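Chemist: So the sequence shown is residues 426 to 757, counted in the numbering used here.
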Amino acid sequence: MMSTLVIGAGAGLVSALLFTVVITGSPLAVMLSYVAPLPVIIAALGWNHRAGLVAAAVGALAIGIALRWAAAPAFALGVALPAWWLAYLGLLGRATGDGRTEWYPIGRLLLWVAAVAGLVTFAGAVSLGWSYEAYVETMRRAIESVLRAELGAGAEGAAEGAGELPGGLSAVATVDTIVAVMPLAAAASFVPMLVINLWGAAKAVSLSGRLPRPWPPLPLMVLPRQAPFALALALAGGFMLTGFAGVLAQALTGALAAAFALQGLAAIHRWTMGKGGRPLILSFVYLVVVIFLIWALPVLAIVGVAAAFFGPPEHQITSGTPPVAPDSQNRT
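(1) With distances taken Cα to Cα, identify the nearest neighbour of S542 among I531, V479 and A610.
(2) Over what stretch of residues does the beta strand (DSSP E) that includes W509 continue unbroken?
(3) Between which two residues does the alpha helix (DSSP H) containing R519 stretch?
(4) Report the residue from T429, E527, L506 and L502 whose alpha carbon sits nearest the alpha carbon of P760.
(5) By Cβ distance, which residues of its chain are closer than 7 Å to A548, with the 5 residues on each side in sequence left out?
(6) Go ahead and pull the three-state DSSP assignment for T599.
(7) Given this structure, state the Cα-to-Cα distance separating P641 from T599, to the nearest angstrom.
(8) Going residue by residue through the stretch 638-672, where are the continuous alpha helix (DSSP H) segments of at least 4 residues, counting only ones entirely within it?
(9) How would you write the range of the alpha helix (DSSP H) that T445 sits in, first residue to last?
(10) The beta strand (DSSP E) that contains T526, what's its start and end?
(11) The alpha helix (DSSP H) spanning R533 covers which residue range?
(12) Considering only residues of the same chain and omitting the five flanking positions on each side of G745, which have a CB-CB separation below 6 Å?
(13) Does the structure place the stretch 563-573 close enough to the stretch 695-711 that three or more beta carbon pairs sit under 8 Å?
(14) Leaving out five residues before and five after V630 in sequence, what residues of the same chain have Cβ atoms less than 7 Å from its Cβ?
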């Protein structure tokens, strides 16, 4: 019990420090803030999920005391509790009749990553204004401020509803477009951040010998067959719904699309296993992703949807045995 409290408190303080350094505005500080969930996940995976809860509480308390109390819920809901929940799911498992342990599938965990990213993005949007109109106005002011800072006089007219940006773009149209796609883009960028933190924590804990489950290779993960239908519903909602309901649908669309893009990359890794030109193929794929990111991600998402819908489920790829639904007991 004492070790849980000590480890959890230490992890929470480190996570809170990583979360708060972003206020300095330096590029290094921004990069460090991206790994703020990492200490919480390490504590939860390496010790037990209660250490992760202690980390969330201590980190939120530290931020409330050091900065302001309004920032504590942002840390708890946006960083610490999502990190704890994903680690908790990662260690869910149950014993099978032949003495093995059936662990929570990595594909389902990726689906939860997308759900968490979408919901956290939606919560962040609501926190900017408790009415949709207030949210839009807050976003407009923030984007206009960034445009003025980056482009100077060329964006001055955006505040008055007029003016042009370089290349003849309308300042108003540009701001409106950014506001419209921000929930989708923010949620989509949140997914790889969470995945990297979860993978890095699992790798570190595995190397230390404290990870209870064998961490399967990520190319073997497959999203559940229901996931493509969830993406279709979220996409339809993004077009049909308005107000905060539309924001939620857009956030879930972006998060699920990012998850399917990662699924697409995993499928390419899996399909090229044992192929002679595998290094060349993978190098070409990643080069295309880096150069044509905006266009490559939708293509990868389509590949991921096809892999999830038409390919074999994860349990057949990893073991060839029927799936066993994990129960709610955390083995640690």
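From the three backbone atoms N, C-alpha and C, an ideal C-beta is built for every residue, glycine too.
Model, not experiment: these values are computed from the prediction.
Modeler: According to the structure shown:
(1) Locating residue 542 in the sequence shown gives position 117, where the first residue counts as 1. Sequence check: residue 542 is Ala here, not Ser. For A542, the nearest C-alpha among the options comes from A610.
(2) Residue mapping note: residue 509 aligns to position 84 of the sequence shown, counting from 1. DSSP places W509 outside any beta strand (DSSP E); the residue lies instead in the alpha helix (DSSP H), whose first and last residues are L506 to G515.
(3) The count along the sequence shown starts at 1 and reaches residue 519 at position 94. It is not in any alpha helix (DSSP H) - R519 instead sits in the beta strand (DSSP E) that spans G518 to A520.
(4) There is simply no residue 760 to check, as the chain begins at 426 and stops at 757 in what is shown.
(5) Against the sequence shown, residue 548 aligns to sequence position 123. For A548, where only same-chain residues beyond five positions count, the Cβ hits under 7 Å are L502.
(6) For the purposes of this step, residue 599 is taken as the residue at position 174 of the sequence shown. Three-state result, T599: helix.
(7) Residue 641 sits at position 216 when you count from the first residue of the sequence shown. Residue 599 sits at position 174 when you count from the first residue of the sequence shown. One C-alpha to the other measures close to 44 Å.
(8) 652-665
(9) Counting from 1 along the sequence shown, the entry for residue 445 is found at position 20. Taken as a continuous stretch (DSSP letters only), the alpha helix (DSSP H) holding T445 covers M427 to T445.
(10) The residue you call residue 526 lines up with position 101 of the sequence shown. Note, T526: beta strand (DSSP E), T526 to W528.
(11) Counted from its first residue, the sequence shown places residue 533 at position 108. From DSSP, the alpha helix (DSSP H) with R533 extends over I531 to L553.
(12) Numbered from 1 along the sequence shown, position 320 holds the residue referred to as residue 745. Caution applies to G745, whose pLDDT of 44 falls short of 50 and renders its modelled position unreliable; the model cannot decide the point.
(13) The stretch 695-711 is not in contact with the stretch 563-573.
(14) Along the sequence shown, read from residue 1 onward, the residue named residue 630 stands at position 205. Cβ neighbours of V630 beyond the five flanking positions: I467, L470, G471 and L636.
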